[in-house]
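If you read the sequence shown in my numbering, its first letter stands for residue 51, the second for the next number, and so on. All C-beta atoms, glycine included, are put in the ideal place defined by N, C-alpha and C. Quick notes on the structure that follows.
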Amino acid sequence: MKIKVILFILLISVLAFLSSCTLEEPVLPSWISQWSIPFNDSYSMEDIAKEENIIADTTDAGVPILAISMKDSTEKKTITIHDLSIKPELDYTGKNIDDLSLGTIGPESSSPFGPSEILGMTPPVGVPFTVRDTVVTVNLVYILYANFNHADIKSGTLELVYKNNTFLDIRSGMEITIYNDSTGQDLGTAVFPNPIAALDSGVSVPSLDLSGTKIHKRFLLEIRMPLAAKTVTLSNEDLAGMAWVDGTLIELKVSSGEANFPPQHVSVQDSTSITGEEHQIRSAEIARGKIELNLENNLEVTARGWVRMLNFVHRTTGQVLSDYVVIPAKSTTPKTISLQNYRITDYPDRNSGEFIDYINFEVNVVTDSSQEFVHLSDNDSVKVEIIPDSLFFSQIDGRVDSIEVVLDPVEKDDLGELSKIDGTISMDSLRMAVNLYNESNLPIEVTLFISGSDADESIEVNPVKIDVPRADDGGMATVVLSVRDPHPNIVDLMAILPTSIRLEGKAYINGEGSAEVGQSIYADYQIYSPLFLWIKETAFLESE
51 MKIKVILFIL LISVLAFLSS CTLEEPVLPS WISQWSIPFN DSYSMEDIAK EENIIADTTD
111 AGVPILAISM KDSTEKKTIT IHDLSIKPEL DYTGKNIDDL SLGTIGPESS SPFGPSEILG
171 MTPPVGVPFT VRDTVVTVNL VYILYANFNH ADIKSGTLEL VYKNNTFLDI RSGMEITIYN
231 DSTGQDLGTA VFPNPIAALD SGVSVPSLDL SGTKIHKRFL LEIRMPLAAK TVTLSNEDLA
291 GMAWVDGTLI ELKVSSGEAN FPPQHVSVQD STSITGEEHQ IRSAEIARGK IELNLENNLE
351 VTARGWVRML NFVHRTTGQV LSDYVVIPAK STTPKTISLQ NYRITDYPDR NSGEFIDYIN
411 FEVNVVTDSS QEFVHLSDND SVKVEIIPDS LFFSQIDGRV DSIEVVLDPV EKDDLGELSK
471 IDGTISMDSL RMAVNLYNES NLPIEVTLFI SGSDADESIE VNPVKIDVPR ADDGGMATVV
531 LSVRDPHPNI VDLMAILPTS IRLEGKAYIN GEGSAEVGQS IYADYQIYSP LFLWIKETAF
591 LESE
């Protein structure tokens with residue numbers, strides 16, 4: 051009862067207090083406060099697992115995990131004919147006609163002479179007539195050669211045969227002196243060592259050397275004739291008998307002359323070195339190439355030339371490369387010879403296995419008969435200029451010197467949900483495997499450059515050098531980059547979660563072996579890491 055009285059008194063007091071005050075709307079007070087709240091993005095493992103760079107895998111213990119796996123490959127870089135080519139220097143300037151030949155001319159017969167010209171009188175007919183031992187001289191005997199006007203003789207001989215169709219006997223020691231009728235030059239004297247009987251069909255004399263002389267087409271003969279004594283009764287038929295001299299010019303080589311020249315021959319076999327070329331070749335198939343010939347004929351007669359390139363053999367027929375050219379007098383004739391479908395080999399042993407040091411060739415030129423008088427000299431020449439173009443090979447066996455092949459860059463720039471993570475991650479189990487492929491049978495050294503970048507940062511992996519074996523030795527090399535090898539910054543590269551990864555490089559082909567156009571060099575890579583992520587940084591946002 052006492053408690054109720056106290057509560058009543060308090061209620062009355064409050065009402066009295068309120069009735070004495072004015073009521074107003076309340077106003078909240080103002081304040082300033084700062085909150086530091088960490089915000090972490092939320093990533094759904096279900097979304098991440100759907101990315102093409104995320105694969106299902108298992109640990110060595112068989113525990114299912116997710117792993118990052120990124121792979122790509124460069125385009126195949128093929129060997130081209132421009133990689134397998136040489137530019138040999140070959141310039142053969144020709145050859146003079148060292149042995150200008152008139153050949154053998156004759157026999158030509160002298161003007162005939164009878165007993166009256168020999169004795170200086172006409173013997174009587176029908177009565178005994180005595181010839182005494184005496185020496186007589188017979189002049190005005192000529193031999194005319196119709197095949198030339200004149201010639202400077204380097205070598206050659208004159209063979210004389212005395213035809214005695216008279217009744218006179220001639221003792222041994224008859225002499226015939228030969229003169230150049232145009233100049234009077236004494237060309238020499240031929241001595242007949244043996245007697246010549248009456249009515250002898252022909253007695254020859256040792257040949258007269260004409261070397262170093264100048265001859266014209268008409269020779270003057272002076273005959274010193276020792277007659278043998280005899281008495282004979284002559285008839286008119288005896289008086290009609292004649293004597294003459296047959297003269298044959300044998301194997302004349304001239305330094306110059308005006309003549310109706312027979313065919314002249316120029317032949318040479320020569321070679322040019324190719325040891326200074328970029329590549330050394332044992333054999334090669336030619337895909338493209340040519341040889342330019344310039345054939346210059348300085349003669350006054352038409353020439354016909356054969357050129358044989360002895361190192362070039364047709365791939366199908368096995369025939370040595372050769373060509374035939376007609377070169378008109380006093381002219382130059384160009385000629386192009388295609389080398390397509392030919393092989394280049396060593397010569398003369400095509401299977402020697404040695405590097406080809408020389409290109410061997412033959413040039414043979416034959417002139418037409420002049421059919422009329424022309425002037426020729428041994429300074430005249432037929433020049434054959436041989437100019438090979440670059441030779442492009444479809445296949446080569448030998449030693450290749452420093453062919454550089456650029457591997458075009460390959461860039462992977464779609465890294466999926468992982469590229470959206472803000473911050474850095476550590477993937478200590480990460481490894482990058484790079485495979486290099488070589489389809490040729492030449493050793494290759496490859497230098498690779500690997501880089502990755504995001505919007506703020508770029509990381510380059512140390513250059514990686516890889517020796518790639520020949521195709522016969524496997525043709526593939528692999529390098530694995532991880533935190534434990536000399537290229538640990540592959541881990542640093544992936545730690546920035548790059549938005550793109552770039553792989554590029556250069557391949558150097560250098561060494562012995564074989565290669566064909568179309569064989570390729572290329573690379574591929576794979577980046578792999580189990581998906582264990584540790585957040586390295588937390589981003590903070592300030593609110594107002």
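{"Query": "C-alpha gap between L563 and I436, whole angstroms", "Result": "The displayed chain sequence assigns Gly, not Leu, to residue 563. Each residue's Cα considered, the two are about 30 Å apart."}
{"Query": "Where N401 falls: helix, strand or coil (DSSP)", "Result": "coil"}
{"Query": "Supposed close pair V432, L349 - CB separation, criterion 8 Å", "Result": "7 Å"}
{"Query": "Cβ distance (whole Å) where P313 is taken to contact D418 below 8 Å", "Result": "7 Å"}
{"Query": "Buried or exposed (CB count within 10 angstroms, at least 16 for buried), Y374", "Result": "exposed"}
{"Query": "DSSP-derived helix/strand/coil call for N286", "Result": "helix"}
{"Query": "The stretch 261 to 272 in contact with the stretch 283 to 293 per 3-pair CB rule at 8 Å", "Result": "no"}
{"Query": "Per-residue DSSP class, three states only, for E167", "Result": "helix"}
{"Query": "Where M526 falls, given that 16 or more other Cβ within 10 Å makes a residue buried", "Result": "exposed"}
{"Query": "V569 vs E495 beta-carbon contact at 7 Å", "Result": "Reading the sequence as shown, one finds Gln at residue 569 and not Val. Cβ distance not < 7 Å, so Q569 and E495 don't count as in contact."}
{"Query": "Option nearest V181 by Cα separation, candidates I220, Q390, V529", "Result": "I220"}
{"Query": "Where R400 falls, given that 16 or more other Cβ within 10 Å makes a residue buried", "Result": "exposed"}
{"Query": "Proximity of I300 and T207 at Cβ, strictly below 7 Å", "Result": "yes"}
{"Query": "Beta strand (DSSP E) segment containing F499, residue limits", "Result": "494 to 503"}
{"Query": "Cross-strand partners of I136 (DSSP beta bridge)", "Result": "L441"}
{"Query": "Sub-7 Å separation of V304 and K204 beta-carbons", "Result": "yes"}
{"Query": "N-terminal and C-terminal residue of the beta strand (DSSP E) that G252 is part of", "Result": "250 to 254"}
{"Query": "CB of S333 within 7 Å of CB of T263, strictly", "Result": "no"}
{"Query": "Range of the contiguous beta strand (DSSP E) that encloses I203", "Result": "198 to 214"}
{"Query": "Distance between G238 and V177 (C-alpha atoms, nearest Å)", "Result": "40 Å"}
{"Query": "Close Cβ partners of D447 (< 8 Å) along its chain, the five nearest in sequence each way excluded", "Result": "I331, R332, S333, A334, G563, S564"}
{"Query": "Beta-carbon proximity of L343 to N410, cut-off 7 Å", "Result": "no"}
{"Query": "Sub-7 Å separation of V363 and S444 beta-carbons", "Result": "no"}
{"Query": "Close Cβ partners of I500 (< 6 Å) along its chain, the five nearest in sequence each way excluded", "Result": "V511, L553"}
{"Query": "Cβ-based neighbour list, P384, same chain, cut-off 6 Å, excluding 5 preceding and 5 following", "Result": "N344"}
{"Query": "Boundaries of the beta strand (DSSP E) in which S306 is found, first to last residue", "Result": "293 to 309"}
{"Query": "Cβ-based neighbour list, Q576, same chain, cut-off 6 Å, excluding 5 preceding and 5 following", "Result": "K121, A483"}
{"Query": "Sequence-distant residues of its chain with Cβ nearer than 6 Å to Y408 (five each side left out)", "Result": "S321, S323"}
{"Query": "Host beta strand (DSSP E) of T154 (start-end)", "Result": "150 to 159"}
{"Query": "Three-state secondary structure assigned by DSSP to D574", "Result": "strand"}
{"Query": "Alpha-carbon to alpha-carbon, N491 and I516", "Result": "16 Å"}
{"Query": "Residue(s) in a DSSP beta bridge with S317", "Result": "N414"}
{"Query": "For V529, the nearest candidate out of P519, D522, V514, G252 (CA to CA)", "Result": "V514"}
{"Query": "Which listed residue (L277, D231, G297) has its alpha carbon closest to that of P256", "Result": "G297"}
{"Query": "Inter-residue Cα distance where the pair is L218 and Q319", "Result": "58 Å"}
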